[in-house]
Structures are given as C-alpha cells and as structure tokens.
Amino acid sequence: MTIDQTTTAERPFGGRFPDRAELRRLQDSWGLQPTLDPEAAAVRFDRHVASFQPEPNGTIPEQVPAEVARNFVMQLASSLTRVRIDHRNLDQAGRDRFNRALQQVHASGAYEQLAAVHADMSHRMHSMSGPVGTQRFLPWHRRYLLELEDLLRSVQPALTVPYWDYANDHARPDWVWRPPNVVRDTPGAAGGSLPTQAIIDGLLARPRYNPFTSHLETDAHNQVHNWCNGTISDIMESAHDPIFWLLHANVDHIWDGWQLNHTGKPSLTGKDAVLDPWTSTASDVNSTTILGYSYA
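Letter by letter, the sequence shown follows residues 1 to 296 of UniProt numbering.
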C-alpha cells in the first residue's frame, strides 16, 4: 500500500473525516446553509421521459419519441441484471467470488492505483474542500464506485459491489478480504456510533439536494468511517480497505432512494461539473438506470 508522506498534523482534520460540528464551522465561513420492482421501474420511466417533454401539470406527455423510450427501456432492463445487494444476502459462494476478484485486481496493481485516486484531495470530492465539494461528493463517489465495479467485472464478469446497510447491521463486514498493511482496529473504539434508521429516514425526507447531501456526508458517511476505525478512518488511506466500497455503495444506495422521490441535483457548471480525473460530468452520473445498475 502506498503511504502518504504528509504527517498526520499536515492533513485536514488530522487525517480524520470531520464530524458535523467541525464541518459546520467551515461551512459557516463559506456562507452555506428493495429489488427494482415494477412500481419503482415505472417511477423511473415516467420521470425520465417527462424530463424530455415536461407538461405544465408535471404528467408524462402522451407522445414520447420512440427512440427515447426504446433506449431508456433497454437501459432499465440492463439495470435489472446488474443489481447491487445487501452483503448479508450474499451466500458463501458470492462472498468468495467477490474476495477472489479483489485479490486478483490487487495482485495486478490496479486496485492500489485506484485507491490512490481518493488520496488526492485536489479532486474536491468532500465538503471540506468547499461548497463545490459538497455538491460533488455524491456524483464523484458514484463515478468512483463504478470504476471499482468495472475493474472487478473485468476479472469476474457479472459481479457487483454489495452494500453495507450500517443503519440496520451494526457488524462491520470483516468477511471482506483485507489486503496487507490495511489495519482494522476495534469498531467504535474511537468513539461515536453508527447512524440509526431514523437518521436515514430523516435524510430521505429532505426535499432539497444541498441539505440532503451535506447531512448524508457527515451523519451517514463520515460518522461511519470514523466508527469503523483503522485504515478506513484515515481519509487519505481509506480506499485501500475494501470495506470502503461497501460503505460507499450504501451511500449511493441512499442517494438513489432519495432520487426516486425528489428532483434536486447538483448545480455544478463548467470545470466544477467535471468529475476529475475522469471526463464524466455530474449530469452523466445522475441516473443509476442510465448507468445500467440498480439496488435490491
């Protein structure tokens, strides 16, 4: 594992993920304030088509360009075959397959290269980077997670990254393979607790994107990193622990659930909208259906 050469004191927040109070102080200085069932599929389809030809009353138009409908239906069908599931629902064969894929991409050096991307804070993918970071947090990590999943699928076709529903499962998924030099200390030893389902429900009820993503990042993301302890609690090294990806799959799962009921999205323009180091923009990753995957 590549170890960052900066000292702990030189890293933002001493290398930790900031808690809400710490981040609020920064924000004040910036002036900020299941399986995709048929019903869910219909909601996705209606909202997607309506976005092309919105009616004044918000209903789906009577006539939809055939190519628009056809393409989206194909993407929707594809997303039903690339499904990310709760890790507790993986059988032993599924766990073994996931771990073999991790070991294969780690042996090739590709995993370490991808993990190192997260150590580069110039990508501005966290709220500690400023207002742009708040808006980029969810789309950037969605794109990042796809990179890992595509990498794993290159050695184990049809594999998807499972998610860790930490609000209902307080056991850290230590069955996930641990690379050399990755430390997993006692969960909770550094203090704090995992978010409850009530906290997640409160997030999902927030109608506007900015408050939703801001509270999701601090209350149901940073808090989980720090509770896990060990390598994953170090913001510069966290992606080296494969549990990182299960944690972020759940963050993406929460965002996907929020998107089914709300229309808000990042208001990023120009260079800020480009999710470097890739060429994708925030708009490119706004829909899991367009990206070809779903959650169960």
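Glycine included, C-beta positions come from ideal geometry on N, C-alpha and C.
Assuming residue i contacts residue j under a Cβ cut-off of 8 Å, what Cβ separation, rounded to an integer in Å, is found between them?
i: Tyr295; j: His253; result: 5 Å
i: Arg136; j: Ala239; result: About 16 Å; that fails the 8 Å criterion.
i: Ile235; j: Arg172; result: Their Cβ separation, rounded to whole angstroms, is 18 Å, which puts Ile235 and Arg172 out of contact at 8 Å.
i: Trp164; j: Leu268; result: Not a contact, Cβ separation roughly 28 Å.
i: Leu138; j: Trp245; result: So it is not a contact: roughly 15 Å between Cβ atoms.
i: Val251; j: Leu216; result: 7 Å
i: Asn226; j: Ala189; result: With a Cβ gap of about 10 Å, Asn226 and Ala189 do not count as contacting.
Output the distance between the C-alpha atoms of residue i and residue j, rounded to the nearest integer angstrom.
i: Leu159; j: Ala93; result: 12 Å
i: Gly230; j: Phe98; result: 22 Å
i: Met128; j: Thr134; result: 8 Å
i: Val182; j: His170; result: 21 Å
i: Tyr166; j: Val274; result: 30 Å
i: Pro157; j: Trp177; result: 19 Å
i: Glu147; j: Glu237; result: 17 Å
i: Arg95; j: Ala198; result: 29 Å
i: Ile60; j: Thr196; result: Here Ile60 scores only 48 on pLDDT, less than 50, and its place in the model is too uncertain to base an answer on.
i: Ala101; j: Ala115; result: 15 Å
i: Asp86; j: Gly130; result: 32 Å
i: Asp174; j: Asp91; result: 15 Å
i: Asn210; j: Gly264; result: 8 Å
i: Leu291; j: Gly270; result: 22 Å
i: Ala110; j: Thr279; result: 19 Å
By a C-beta neighbour count over all protein chains shown, 10 Å radius and 16 as the cutoff for buried, is residue i buried or exposed?
i: residue 298; result: Nothing about residue 298 can be reported from this structure: the residues present for the chain run from 1 to 296 only.
i: Ala205; result: exposed
i: Pro277; result: exposed
i: Asn81; result: The sequence shown places Thr at residue 81, not Asn. It is exposed - the Cβ of Thr81 has fewer than 16 other Cβ atoms within 10 Å.
i: Pro266; result: buried
i: Ser122; result: exposed
i: Thr289; result: buried
i: Gln113; result: exposed
i: Asn89; result: exposed
i: Ala249; result: buried
i: Ser108; result: exposed
i: Thr218; result: buried
i: Thr213; result: buried
Going by alpha carbons, who is nearest to residue i out of the options?
i: Val83; options: Phe137, Val161, Cys228, Glu112; result: Val161
i: Ile200; options: Thr186, His221, Pro180, Gly192; result: His221
i: Pro179; options: Asp276, Pro277, Ile232; result: Ile232
i: Pro187; options: Cys228, Ser193, Pro195, Arg153; result: Cys228
i: Ser193; options: Asn181, Gln223, Ala171, Asp174; result: Gln223
i: Gly257; options: Ser287, Thr269, Thr196; result: Ser287
i: Met125; options: Glu112, Asn89, Arg143, Leu90; result: Arg143
i: Gln104; options: Asp120, Leu152, His118, Lys271; result: Leu152
i: Asp272; options: His141, Ala110, Val132; result: Val132
i: Asp241; options: Arg184, Gly264, Tyr209; result: Arg184
i: Ser118; options: Asn210, His141, His106; result: Looking at the sequence shown, residue 118 is not Ser but His. Checked all of Asn210, His141, His106; the closest Cα to His118 is His141.
i: Thr260; options: Pro207, Leu145, Tyr111, Ser154; result: At residue 260 the sequence reads Leu, which differs from the Thr that was named. Per the Cα distances, Pro207.
i: His106; options: Leu145, Asp120, Val155; result: Val155
Any heavy atom of the ligand MN closer than 7 Å to the Cβ of residue i?
i: Gly230; result: Among the ligands in the structure shown, none appear at all, so the ligand MN cannot be discussed.
What are the uninterrupted segments assigned as beta strand (DSSP E) that are 3 or more residues long and contained completely in the segment 129 to 199, given in chain order? none
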